[in-house]
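Have a look at the structure below, then the notes.
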Amino acid sequence: MSSPSHAGEHTPRTYPPRPAAVYFYATCLVDLFVPEAGMDAITLLEREGIRVIFPESQSCCGQPAYSSGFPEEARKVAASQLDLFPEDYPIIVPSGSCAGMIRWHWEKIFADDPALHARAAAVAARTFELAEFLLHVVGFQRRDEGEPVTVTLHTSCSARREMGTHLVGRELLARLGNVTLAHHGHESECCGFGGSFSMKHPDISTAMVSDKVAALKATGAREVVTADCGCLLNITKRAEKEDLDAGRSKPSLPGEHLATFLLRRTGGQPARRN
Amino acid sequence: MSAPHATSAAASSNRGDARPIAFVSAQALRERMHDAVNDPHLRKSFRGAMDFLMAKRAAQFPDESELESLRTLSEGIRQYSLSRLPDLLEQLEANLTRNGVQVHWAADADEANAIMLGIARRHAAKTIVKGKSMVSEEIEFNHAMHDAGVDALESDMGEYIVQLAGEKPSHIIMPAIHKTKEQIATLFAEKVPGVSYTDNVDTLIQIGRQVLREKFEQADIGLSGVNFAVAETGTLCLVENEGNGRMCTTVPRVHMAITGIEKVVEKLEHVAPLYSILTRSATGQAISTYFNMISGPRKPGEKDGPEEVHLILLDNGRSQAYADEQLRKTLQCIRCGACMNHCPVYTRIGGLAYGTTYPGPIGKIVSPHMMGLEQTHLLPTVSTLCGACGEVCPVRIPIPELLVRLRGEAQSKPHDNPVMVGQGAGYSPLASFVWRTWARIYARPGNYRMFSWLASRFRALTPSRQSGWTAARTPLTPAPRRLRDMVRDRQ
């Protein structure tokens, strides 16, 4: 199995029937910076009658080190995660980027160790991005109880190009009766986060995220929704900075994780950060 | 006729204006990128040009399954050709020799230039007229010839403009894409005597054509690149739009072609799919205006064609990439430029900022082999790994994967058995320590729990200035409760 270089190359994935339980792999960014998004994803799944197991020993998929050119460190961290999912339940990840790491890159970093490689492959095969799981396995269909609203959607590059789930977010939003989706210019373009790229090359990263924020704002949408917390933090923290610099007190581009948005619109109670 | 004046002026102005970029330090790269990204004109012109090229390409592939089958076929042909590269090169040499083409092998830029200068000297050549060739840029051919007192004149319109301006190509297919028509108008008015300012594009092209037409007749040697070299027939294929390639390869008495060793394919039938996907990916054309198949010098009784044809096969770091199974994929490239057209980084800094012959995503993965990692170790980091390049690559080079690999080669501790020249050039004891520490925290559940608890608990101590992040964003602050706390509290 090799990683796709284009979403169109994905042979349509075979999805399992709705399971009794799933593992929830929150990712390090969600655990520490956007825990409410993780909590809302768990609530969404549980509301559908699925038991959610949160493995206590989870930390990180290893991607930060892997993409920075430190495969050995990535391997150590990834290896520590292989034992977290003993039962044959699907593993749900609320981020295209971490899901992509597990699904396509874990096998590469364990390529020279047949035993670890086989275990990584088994984990990869039952790893799903939250949105694709909600759409294709859960068949998410709830009444939209919110006021009519226009939102815009940012799809992460990993969701689009590694997980092939770029249309999933749209379809989920389309199932909400009062939500209008506004498309933005250069929609398939990266928001400029790129993990350590945002620190290492701030000039270019800033140019990219500023363009993305401008395109999202130009839709006139009230908020941006995305299924990836890296992009979410990059975009909303940039918009906050623009507000701060312009002396605006009302956020010009609030953002939410797709899980939070779906839960809030369909009568659920989103988690409070504090 | 004003052309003779124009011609001599154009020729003399070529002399050594564009100095080769001899050293690409990390600092120099950072400065160029900084300047480029803060240049509103550059930003606007590249955004516009790349949008145009992306739309043109997309219009050529309305049927995604047709595109994907063609990509599969093209990738297969390139991989097959590379898997038999040594054999195919020998076969190519034998068949070209049989056809009367003289084949030369060059290990690096200096050897290639020496071979071509030798040919020029034998013919007492004063002027070489050039079709578009990125490999000739790679070896700094124009400078080598200039230093030896031979004029090398670009005849591709974009290359001609870039040469007049004393610059470098900013794109491998559209070398002058960074210039506005007003800038070109000013350039022509300044550098081509007898020409007054006009920004009428047709007039500008006519001026260029007039200058160049003279040169084709005067030139002693024509130089061209090669898009595909067919081993079984000994044929050199050249894809172009302006007809200058055909002029360069047929009018002067001597034709020198130069290409990288990876451009060989086994059979003529392998060319058709590659040619189709090349023009559609590059310029969004169903087919180029000209497609030349060169099979040897003029034969007795033939009315035209060069008396001598030479092919220079250049290695220049390619065999280093070839030796490694993963890095070998770099050599699948057919130089269409689609990766740069779709790259959000290239779109923002343009091609010149990279400081390498080949800019953009392909430049980031091929230049380290040509120049060594000492100079290029920062290049692979200038990417968000968004994957847009890999998504459009007609031969499915996994560019993001190769960028990750090169980051590793650059940053790992220097060791005795390097796969690449300059391995470890980007090694930093501090970065290495940081990642080792990171792994110690994240690979041990107890450590991670403690670390994340501390980060959350003492979030008030989070620095408000966070390296590059807060240059444009509000700071990242850990949440008061981690997700694991929320999960626990709820139960």
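Protein sequences appear in the order of chains A and B.
All you need for my numbering is the position in the first sequence, starting with 1, plus 45.
All you need for my numbering is the position in the second sequence, starting with 1, plus 8.
Ideal Cβ placement from N, Cα and C applies to all residues, glycine included.
Between residue i and residue j, how many whole angstroms is the CB-CB distance? I'm expecting something under 8 Å.
i, j, result
"A:Tyr70", "A:Ile137", "7 Å"
"B:Gly434", "B:Leu393", "No, B:Gly434 and B:Leu393 are not in contact; Cβ-Cβ is about 17 Å, not under 8 Å."
"B:Cys351", "B:Gly368", "5 Å"
"A:Arg318", "B:Pro488", "7 Å"
"B:Ala227", "B:Val158", "Not quite, the Cβ-Cβ distance comes to about 11 Å (not below 8 Å), so this is no contact."
"B:Ala346", "B:Val400", "5 Å"
"A:Leu217", "A:Leu307", "7 Å"
"A:Thr197", "A:Leu261", "5 Å"
"A:Pro64", "A:Ile95", "7 Å"
Name the DSSP bridge partner or partners of residue i?
i, result
"B:Trp113", "B:Leu321"
"B:Thr7", "Nothing can be reported for residue 7 of chain B: it is not among the residues displayed for chain B, which extend from 9 to 499."
"A:Gly300", "A:Val269"
"B:Leu244", "B:Ala237 and B:Ile302"
"B:Leu161", "B:Val137"
"B:Ile181", "Note: B:Ile181 sits in no beta bridge, so no partner."
"A:Phe69", "A:Ile137"
"A:Thr195", "A:Thr225"
"B:Leu231", "B:Lys138 and B:Met264"
"B:Val273", "B:Val238"
"A:Val97", "A:Val67"
"A:Phe173", "A:Ile137"
"B:Glu316", "B:Val262"
Is the beta carbon of residue i sitting closer than 9 Å to the one on residue j?
i, j, result
"A:Arg283", "B:Arg481", "yes"
"B:Arg65", "B:Arg288", "yes"
"B:Met494", "A:Glu81", "yes"
"B:Pro260", "B:Val109", "no"
"A:Ala166", "A:Glu152", "yes"
"A:Ala304", "A:Leu89", "yes"
"B:Leu61", "B:Gly292", "yes"
"B:Ser232", "B:Met264", "yes"
"B:Thr172", "B:Lys199", "Thr is not the amino acid found at residue 172 of chain B; the sequence shown has Leu there. Yes, these two residues count as a Cβ contact at 9 Å."
"A:Glu190", "B:Gly395", "no"
"A:Ser243", "B:Gln419", "no"
"B:Gln474", "B:Leu410", "no"
"B:Ile6", "B:Ser82", "In this structure chain B extends from 9 to 499, so residue 6 of chain B is not present and cannot be described."
"A:Val269", "A:Gly300", "yes"
"B:Leu282", "B:Arg86", "yes"
"B:Asn455", "B:Arg448", "yes"
"B:Ile147", "B:Gly166", "no"
"A:Ser140", "A:Leu74", "yes"
"B:Val234", "B:Glu316", "no"
"B:Met153", "B:Leu125", "yes"
"B:Tyr4", "B:Glu277", "An answer regarding residue 4 of chain B cannot be provided, because it is not within the stretch 9 to 499 covered by chain B."
"B:Leu322", "B:Ile266", "yes"
"B:Trp477", "B:Pro483", "yes"
"B:Met301", "B:Ser163", "no"
"B:Val390", "B:Gln328", "no"
"A:Gly184", "A:Ala272", "no"
"B:Ser296", "B:Asn249", "yes"
"B:Asn324", "B:Gly139", "no"
"B:Thr258", "B:Gly313", "yes"
"B:Ile357", "B:Met58", "no"
Would you say residue i lies against chain D (beta-carbon separation less than 9 Å)?
i, result
"A:Asn223", "Given the protein chain composition of this structure (A and B), no chain D is represented."
- Message: Tell me which residues of the region 266-298 of chain A have at least one Cβ-Cβ distance to chain B shorter than 8 Å, keeping chain order.
- Response: Leu278, Asn279, Lys282, Arg283, Glu285, Lys286 and Leu289
- Where the region 355-371 of chain B meets chain A: residues whose CB sits under 7 Å from a CB there: The region 355-371 of chain B vs chain A, Cβ under 7 Å: Arg356 and Ile357.
- If you measure beta-carbon to beta-carbon, which residues of the region 458-471 of chain B are closer than 7 Å to chain A? Flagged, chain order: Ser460, Ala463 and Ser464.
- Would you list, in chain order, the members of the region 58-89 of chain A that have their beta-carbon closer than 8 Å to a beta-carbon of chain B? Ala71, Cys73, Val75, Asp76, Leu77, Phe78, Val79, Pro80, Glu81, Gly83, Met84 and Ile87
- What residues in the region 413-446 of chain B bring their beta carbon closer than 7 Å to a beta carbon of chain A? Arg415, Gly416, Ala418, Gln419, Trp443, Arg444 and Trp446
- Query: the region 312-340 of chain B: which residues have C-beta closer than 9 Å to a C-beta of chain A, in chain order?
  - Reply: none
- Item | Residues of the region 222-242 of chain A whose Cβ lies closer than 7 Å to any Cβ of chain B, in chain order | Glu234, Cys235, Gly237, Phe238, Gly239 and Phe242
- Message: Closer than 7 Å between beta carbons: that is the criterion. Which residues of the region 132-159 of chain A meet it against chain B?
- Response: none
- Which residue spans inside the region 78-127 of chain B form an unbroken alpha helix (DSSP H) run of at least 4? 93-106
- Task: Compile a chain-ordered list of the residues in the region 102-124 of chain A whose CB is closer than 9 Å to at least one CB of chain B.
- Result: Residues of the region 102-124 of chain A with a C-beta less than 9 Å from any C-beta of chain B: Ser102, Gln103, Ser104, Cys105, Gly107, Pro109, Ala110, Tyr111, Ser112, Ser113, Gly114, Phe115, Pro116, Glu117, Glu118, Ala119, Arg120, Lys121, Val122, Ala123 and Ala124, listed in chain order.
- Taking only beta carbons into account, state which residues of the region 478-497 of chain B come closer than 7 Å to chain A, listed in chain order. Listed by position along the chain: Ala479, Ala480, Arg481, Thr482, Leu484, Pro486, Ala487, Pro488, Arg489, Arg490, Leu491, Arg492, Met494 and Val495.
- Runs of alpha helix (DSSP H) lying entirely within the region 350-391 of chain B, each at least 4 residues, in chain order: 352-357, 368-379 and 381-384
- Using Cβ-Cβ distances below 9 Å, what residues of the region 178-189 of chain A are close to chain B? The residues in question: there are none.
- Message: For the region 203-216 of chain A, list every residue whose C-beta sits within 9 Å of some C-beta in chain B, in sequence order.
- Response: Ser203, Arg205, Arg206 and Glu207
- Query: In the region 392-403 of chain B, which residues sit with their C-beta less than 9 Å from some C-beta in chain A, listed in chain order?
  - Reply: So the close ones are Thr392, Leu393, Cys394, Gly395, Ala396, Cys397, Gly398, Glu399, Val400 and Cys401.
- Message: Along the region 242-267 of chain A, where does the CB come closer than 9 Å to a CB of chain B? Name the residues.
- Response: Phe242, Ser243, Met244, Lys245, His246, Pro247, Asp248, Ile249, Ser250, Thr251, Ala252, Met253, Val254, Ser255 and Asp256
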